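In the UniProt record's numbering, the protein residues as written are 1 to 281.
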Amino acid sequence: MRSLVGLVVVVTAASLYLYSLSLYLPAGPRRRPPRSAETEHVDKTESEQTDTSEEPSSLKFPSDLEELRELAELLQFYKTEHTGYVLLLFCSAYLYKQSFAIPGSSFLNILAGAIFGPYEGLLLACVLTTVGSTMCYLLSQAFGKRYIVNLFPDKVSMLQRKVEENQDCLFFFLLFLRFFPMTPNWFLNMSAPIVNIPITFFFCSVFIGLLPYNFICVQTGVMLSEVSSLDDLFSWERLLQLLAIACMALMPGALIRRFSQKRLKLDVQAQNGLIADKKVQ
């Protein structure tokens with residue numbers, strides 16, 4: 001009970017911090033509300049008054065590509081005058097999602113590329129993914145061990161067995177799980193302290209293992225900010241760029257798979273309890 005109360009206190013404090021940070025949103029572009037048939041017949045004076053009552057843009061976590069594009073445009077506008085605020089807000093929102101295992105961090109990786117560019121965006125995504133996952137590890141270690149074991153007994157026991165079988169090459173086993181997830185990343189983050197994975201191995205495996213995934217997301221965000229039409233997206237230049245991105249992202253995974261066939265002890269089956277699932281951050 002004490003651990004549950006502690007977790008609620010941490011989540012509440014983090015939520016209040018993120019909310020208070022959003023209250024300091026600088027003045028930005030204002031979006032005009034949809035016009036009805038009646039507003040088409042107002043005179044010029046009334047229309048000017050309507051312009052002054054436009055709804056200000058608001059911040060929220062994106063749930064689809066359209067919302068992601070709107071948010072990217074809004075934060076790009078803020079970044080020109082309020083770089084420090086945008087950076088602090090982005091880092092805080094990313095760590096909030098990652099620390100509490102809230103799905104949707106892939107959208108934030110794409111947003112990093114759209115706002116900060118290919119190099120700064122990639123570095124930011126990798127650092128925030130690693131720090132956020134480590135915070136999730138520490139929160140699970142402090143508050144969630146009993147609850148995770150009770151909720152996912154089969155998965156935890158299977159992961160524990162695999163960790164013990166691959167103890168002599170544990171770091172490469174963790175890399176394999178990141179490149180070819182037999183279980184979602186959020187579950188691996190929360191269960192790692194339960195199965196006695198050292199935090200140093202965990203930290204390094206997250207940074208290296210999710211680098212290709214972050215690279216793809218960031219590059220997608222860069223293209224999202226540059227593409228204005230479908231013709232631009234399917235141009236030869238874009239297609240070659242996508243091919244190069246895919247090759248660079250798949251190369252580390254191919255090396256890890258080759259190593260795993262020789263050294264790692266894996267028997268990936270659906271009934272193992274480690275269900276092949278879509279990568280979720």
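Ideal Cβ positions, reconstructed from N, Cα and C, are used throughout, including at glycine. Here the structure is a predicted model, which means the values were calculated and not measured.
Hey, out of Gly-113, Ala-192, Cys-217, Tyr-96, whose CA is closest to residue 293's CA? Only positions 1 to 281 of the chain appear in this structure, which leaves residue 293 out of reach.
inquiry  = Please classify Ser-133 as buried or exposed, where buried requires at least 16 other C-beta atoms within 10 Å of its C-beta.
reply    = It counts as buried.
My understanding is that Asn-185 touches Cys-126, with C-beta atoms under 8 Å, so please give their C-beta distance in whole angstroms. No, Asn-185 and Cys-126 are not in contact; Cβ-Cβ is about 14 Å, not under 8 Å.
Identify, in the order they occur along the chain, each residue of the same chain with its Cβ nearer than 8 Å to the Cβ of Glu-67, setting aside the five sequence neighbours on each side.
Cβ neighbours of Glu-67 beyond the five flanking positions: Lys-60.
### Query
Are the Cβ atoms of Gln-98 and Leu-128 separated by less than 8 Å?
In this structure, Leu-128 lies closer than 8 Å to Gln-98 by Cβ.
Judging by CA-CA distance, which residue of Gly-6, Val-11, Val-8, Gln-219 is the nearest neighbour of Tyr-119?
Among Gly-6, Val-11, Val-8, Gln-219, the Cα nearest to that of Tyr-119 is on Gln-219.
Open item on the list: Just to confirm before moving on: does the CB-CB distance between Lys-155 and Phe-187 stay below 8 Å?
Closed with: At a Cβ-Cβ threshold of 8 Å, Lys-155 and Phe-187 count as neighbours.
### Task
Evaluate Ser-3 with the Cβ neighbour count: other Cβ atoms within 10 Å of its Cβ, from every protein chain shown; 16 or more gives buried, anything less gives exposed.
Classification of Ser-3: exposed, given that the 10 Å Cβ count is below 16.
* Asked: Per the contact definition of three or more C-beta pairs closer than 8 Å, is the segment 135 to 145 in contact with the segment 193 to 211?
  -> Taking 8 Å as the limit for Cβ pairs, the verdict is that the segment 135 to 145 does touch the segment 193 to 211.
Let's test the definition: count the other Cβ atoms within 10 Å of the Cβ of Tyr-94 and tell me whether it reaches 16, buried, or not, exposed.
Flag for Tyr-94 reads buried.
- What is the DSSP secondary structure of Lys-79, counted as helix, strand or coil? Reduced to three states, the DSSP call for Lys-79 is helix.
Alpha-carbon to alpha-carbon, Gln-167 and Leu-87: Cα to Cα, the separation comes out at about 39 Å.
Provide the residue span of the alpha helix (DSSP H) that contains Cys-204, from first to last.
Boundaries of the alpha helix (DSSP H) harbouring Cys-204: 199 to 209, taken from the DSSP string.
Exposed unless 16 or more other CB atoms sit within 10 angstroms - verdict on Leu-16: The Cβ neighbour count for Leu-16, taken over all protein chains shown within 10 Å, is under 16; the residue is labelled exposed.
field: Thr-130 versus Gly-144: straight-line alpha-carbon distance, rounded
entry: So the alpha carbons of these two residues sit roughly 19 Å apart.
_Nearest-angstrom Cβ-Cβ length linking Ala-72 and Ser-225, presumed shorter than 8 Å_ = Right, their Cβ atoms sit about 6 Å apart.
Q | 8 Å CB neighbourhood of Val-8 in its chain, flanking five on each side removed | A | Nothing meets the Cβ criterion.
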